[in-house]
Amino acid sequence: MLTKRIFYRQTKRGNILKIVREHYLRDDIWCGSKACFTCKAKNKEKVLDEVPKSKSKVVSGDHYIFLDTNAVLDQIDALEEPFLTNVIILQTVLEEVKHRSSTIYKRLREIINDSNRKFYVFVNEHRRETYIEREPGESINDRNDKAIRTAALWYQLHLGPKNIKSVLLSEDAANREKAVEMDITALSFSEYAEGTDSSDLVERLSSKCWSDLKGEDCTDVYPAHLTPSVIQAGLKAGNLVQGSFFASRDNCLEASVVTDQHTIFIQGRASLNRAIDGDTVAIEILPKNEWKAPSNLVIQTEETDEITAENEEERQMTGKVVGIIRRKWTQYCGILQLSPVAGHTRHLFVPAKRQIPKVRIETRQGEKLVNQRIVVVIDNWPRNSRYPQGHFVKALGKIGDKETENEVILLEHDIPSSRFSEAVYADLPPNDWTITEEELAKRQDLRDFCICSVDPPGCTDIDDALHCLQLANGNYEVGVHIADVSHFIRPYTAIDKEAALRANTVYLTDKRIDMVPDLLSSNLCSLRGGEERLAFSCIWELSPQAEIVSTRYQKSVIKSKAALTYGEAQAIIDDKTDKSTLATSLRGLNNLAKILKKGRLEKGALVLASPEIRFHVDSETHEPLEVQTKQLLDTNSMVEEFMLLANVSVAEKIVADFPDCAMLRRHPEPPSANYDPLIKAANHQGFEIDISSGKTLSRSLDNAKKPSNAYFNIMLRILTTRCMLQAVYFCSGTLPSKDYFHYGLAAPLYTHFTSPIRRYSDVIVHRLLAASIGADSTYPELLDKRKSDSLCQNLNYRKRMAQYASRASLFFRGKVENEEGYILFVKKNALHILIPKYGLEGMVMLTTKDKNQPSPFIFNSSDNTQRAGDIIFHPFDRVVVQLSLDRSNIQHEKLRMFLVAPQVPGFSISSTGELLPMDEDIPTF
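Spelled out as structure tokens, the structure:
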């Protein structure tokens with residue numbers, strides 16, 4: 001059967017356009033029930049049980065469950081509970097969910113694909129009896145609700161002989177009333193769930209179905225959010241601005257909102273107005289006389305309400321949140337804080353991430369869950385509730401268990417870490433894959449070249465290799481050869497989608513979360529010594545002064561002569577008796593790299609520092625045994641220089657050929673105010689820092705050295721890094737060319753080309769370069785600026801989360817150590833300490849156990865110092881701290897630092913890290 005609808009639409013030019021839409025209807029679409037003998041379905045189409053297993057005391061008899069769209073969107077966690085079976089997902093609902101939330105759609109598809117769950121997709125829009133037309137004046141939502149009720153009624157009549165009812169679950173009271181009028185059982189999700197014997201199903205219910213706010217602390221009332229229409233009008237008129245909300249990691253009452261043009265400071269609970277880290281918000285910028293300055297306080301408790309104004313001379317552009325444009329709520333890990341009221345079922349969940357507020361949840365398993373890490377989802381945040389409301393999803397395991405804590409790190413940093421799907425593995429080549437003659441004919445054969453890789457010890461995902469040879473004219477040919485990952489990861493495939501989602505490989509203390517399966521990352525794409533591999537080569541002719549004479553790019557086949565560590569390569573270079581081709585190549589690379597580095601620094605490139613460490617891990621238990629600071633050799637710099645040169649060269653090539661859609665990486669110049677802590681700290685040490693340009697800053701850092709403290713200059717560079725803005729990926733057509741500049745590298749153009757095994761950005765750049773040189777067909781999606789910009793946003797987010805996850809360490813579990821540290825920042829109520837040995841940073845809180853006891857510390861904001869008696873704490877001062885893992889804090893396990901030396905006059909430190917008067921001394925050391 002065919003239905004036809006004809007529409008007439010007027011174009012912008014005034015022409016009338018006739019549109020004909022045909023809709024095919026059928027009589028043979030299966031119902032999917034084993035109880036049905038009317039539909040002549042094949043066995044594989046019979047999904048629903050003849051005797052449904054799901055039971056609820058509020059429904060008499062056997063039944064199948066139907067859901068409206070909002071029930072799926074709001075209760076997806078409950079739907080994932082295995083108790084629910086024999087659920088019919090209508091095509092109407094499935095398509096609407098796909099349109100409104102791709103994440104929930106993906107989760108719903110996974111449930112549907114689980115044969116044990118008995119979820120059946122019924123194509124109601126193409127079955128003659130269940131298809132309905134939209135009435136004139138009827139909203140799409142009302143039409144869809146009617147379609148759902150129509151399908152539910154059809155099933156009830158269709159299976160009438162078997163007496164199987166249809167039960168519609170909906171939170172829409174009007175929809176339920178109309179269903180009851182049609183003799184369909186209709187309930188809210190909570191009514192149905194609470195009538196079952198499954199406590200887990202009830203626990204997973206969204207808090208949106210809570211009927212009251214009993215137990216809520218309603219002392220704070222937030223301002224109402226503006227409606228979407230008012231927000232859009234305000235944005236269009238320029239009265240409001242849109243940006244991404246970033247909560248402070250040190251102060252729960254402060255945040256910043258990053259817009260296209262400004263970074264706007266937010267301070268105070270009312271101004272934060274229920275925004276949560278990652279949200280896209282609408283901001284009203286306050287009048288200049290109301291601008292505020294960051295408080296320089298470390299506030300990690302939500303019991304504090306407001307902050308006293310200070311540092312008026314350092315005021316920043318300040319605003320307040322007036323509306324939420326898009327929430328970025330996700331699953332959060334943490335611990336349950338039981339209600340002090342016995343028998344109470346509403347408790348507080350305390351997230352591991354300090355930027356996330358506590359969440360009110362309802363659970364009857366409080367006593368069971370109090371010693372476990374749990375996962376919670378936020379559902380809503382009413383303006384008359386101090387905390388957002390959410391629901392329990394699952395328990396991860398016992399607090400302190402190594403596997404549990406690793407999972408917490410991954411979940412709280414939103415790191416995709418599940419096993420690769422069967423679809424991803426289906427896209428992989430066979431284990432015995434080899435290079436075919438056909439593929440070899442398309443590529444430059446470089447297998448006889450003396451190519452080698454230089455990497456850290458234990459590296460298995462080797463994605464870059466080098467070669468150098470002297471030409472007859474006295475110049476040098478230098479090649480950077482990068483694993484051709486894009487050959488194996490084709491657009492639109494499952495492996496491509498998964499790699500794009502993960503965005504990068506994540507390195508933890510004792511494990512690695514790969515971006516692509518091991519067959520590629522550690523085998524077929526790893527440029528291992530002595531094995532033939534596909535590569536993408538960037539080859540220059542360089543003069544003896546390291547000037548580029550010419551550049552060529554080509555797909556190639558290589559066979560690395562050696563996979564060296566930095567130490568092994570350095571030993572070959574230093575052995576003057578070694579005259580081998582490999583040694584000659586390495587020496588040539590090393591000499592040219594030194595010239596390249598000198599040239600970069602003269603142009604204003606910065607040499608910044610971060611404490612780089614390696615953990616030695618037990619091969620059986622995977623527990624970290626000891627830590628070693630990374631020793632930088634000439635070969636480290638050698639590899640870095642040629643990777644930088646390749647990235648710059650490729651950036652220039654893809655921008656020249658694709659000026660509107662090249663994926664680049666930029667590093668914005670930070671505002672001068674960012675450098676204030678650096679300038680003050682250096683002045684105290686007798687050095688002046690000139691920030692007028694990158695070149696003068698670099699020169700100032702080079703000159704700031706103290707013979708008495710070899711670590712001082714490294715610390716100064718670490719502090720400089722903290723003043724910088726984040727480098728980000730972007731699509732060239734979305735910004736003016738003046739904003740392409742990479743400040744840290746002093747490079748007008750820069751991209752990432754050299755690590756496609758561990759960065760998806762490099763895969764995209766490989767595709768662009770391949771299209772540029774005609775080595776592969778043009779990929780249509782690469783020319784879509786909107787899609788490229790969206791991809792860049794995900795890459796930037798994933799990279800930031802990977803960095804945070806990598807810093808999270810379990811090394812101090814069960815250990816208590818005294819270590820030398822240096823003060824990086826002096827806060828009003830804390831010292832920010834760097835521990836060089838471990839490359840770790842943490843806070844020493846300057847608070848007393850008795851809140852009525854005055855602190856011995858006096859903060860001086862003019863020079864950022866803390867005074868306690870005759871002792872003055874400045875940035876870069878040496879201290880001794882005790883390191884341990886704090887497992888008593890209900891928020892999460894964290895690195896705990898206690899000040900050991902210098903000793904604060906008249907005070908000692910308690911076992912909880914608080915200052916005590918000497919006569920109340922509780923020795924801990």
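No gaps in the numbering here: position 231 of the sequence shown is 231 in my numbering, and each next residue is one more.
For every residue, glycine included, the Cβ atom is placed at its ideal position computed from N, Cα and C.
Per DSSP, the beta-bridge partners of residue 66 are 88 and 168. Ranked by Cα distance from residue 144, the options 198, 200, 70 and 205 are led by 70. Distance from the CA of residue 565 to the CA of residue 632, rounded to the nearest whole angstrom, comes to 12 Å. Checking the DSSP bridge columns, you'll see residue 742 partnered with 667 and 747.
Residue 589 is classed as buried because its beta carbon has at least 16 other beta carbons within 10 Å across all chains shown. Distance from the CA atom of residue 796 to the CA atom of residue 729, rounded to whole angstroms, is 6 Å. Around residue 517, the same chain offers 420, 424, 425 and 428 as residues with beta carbons nearer than 7 Å, after the five sequence neighbours per side are excluded. In summary, residue 276 is buried, with 16 or more beta-carbon neighbours lying within 10 Å of its beta-carbon over all protein chains present. The beta-carbon distance between residue 382 and residue 779, rounded to whole angstroms, is 46 Å. This is too long to meet the 8 Å contact definition.
Membership of residue 468 in any alpha helix (DSSP H) is not indicated; the residue belongs instead to the beta strand (DSSP E) covering 464-470. Straight across, the Cα-Cα distance linking residue 349 with residue 204 is about 14 Å. Relative to the Cα of residue 267, the nearest Cα in the group 279, 297, 330 and 149 belongs to 297. Classified as buried, residue 122 has 16 or more neighbouring CB atoms from the shown chains inside 10 Å of its CB. The residues 504 and 506, in chain order, have a CB closer than 6 Å to that of residue 802 in the same chain once the five nearest residues on each side in sequence are set aside. Across the set 405, 463 and 561, the C-alpha of 405 shows the shortest separation from the C-alpha of residue 511. Comparing alpha carbon positions, the residue from 583, 580 and 646 closest to residue 596 is 646. With fewer than 16 other beta carbons inside 10 angstroms of its own, residue 221 counts as exposed. Sequence-distant partners of residue 902 (beyond 5 residues in either direction) whose C-beta falls short of 6 Å from its own C-beta, in its chain, are 871. 635 is the residue among 55, 635 and 151 whose C-alpha sits nearest the C-alpha of residue 452. With respect to the 8 Å criterion, residue 789 and residue 734 are classified as neighbours on the basis of their beta carbons. For residue 128, the CB contacts under 7 Å within the same chain, skipping 5 residues up- and downstream, are 1, 25, 26 and 27 in chain order. Inter-residue distance for residue 422 and residue 696 is about 54 Å (C-alpha atoms, whole angstroms). Rounded to the nearest whole angstrom, the C-alpha separation of residue 820 and residue 836 is 8 Å. Around residue 227, the same chain offers no residue with a beta carbon nearer than 7 Å, after the five sequence neighbours per side are excluded.
Within the segment 436-524, the complete alpha helix (DSSP H) runs of at least 4 residues fall at 437-441 and 494-502. In the pairwise beta carbon analysis, the segment 644-663 is classified as touching the segment 739-756: at least three pairs are separated by under 8 Å. Sequence-distant Cβ neighbours of residue 741 in its own chain, meaning closer than 7 Å and more than five residues away, are 666 and 748. Ranked by how close their Cα comes to the Cα of residue 347, the residues 354, 355, 353 and 360 have 360 in first place. By the criterion of at least three beta-carbon pairs nearer than 8 Å, the segment 754-774 is in contact with the segment 460-467. The straight-line gap separating the alpha-carbon atoms of residue 337 and residue 721 is approximately 37 Å.
CA-to-CA, the gap between residue 351 and residue 332 works out to about 6 Å. A distance below 7 Å between beta-carbons, with the five flanking residues on each side excluded, links residue 548 to the following residues of its chain, in chain order: 540 and 542.
Taking the Cα of residue 446 as reference, the smallest distance to any Cα among 559, 384, 269 and 585 is reached at 559. In this structure, 875 is the residue among 744, 766, 875 and 668 with its C-alpha nearest to the C-alpha of residue 684. Between residue 249 and residue 279 a beta carbon distance of about 16 Å is seen, past the 8 Å cut, so the two are scored as non-contacting. Close CB contacts of residue 578 within its chain, under the 7 Å cut and outside five residues either way in sequence, are with 572 (chain order).
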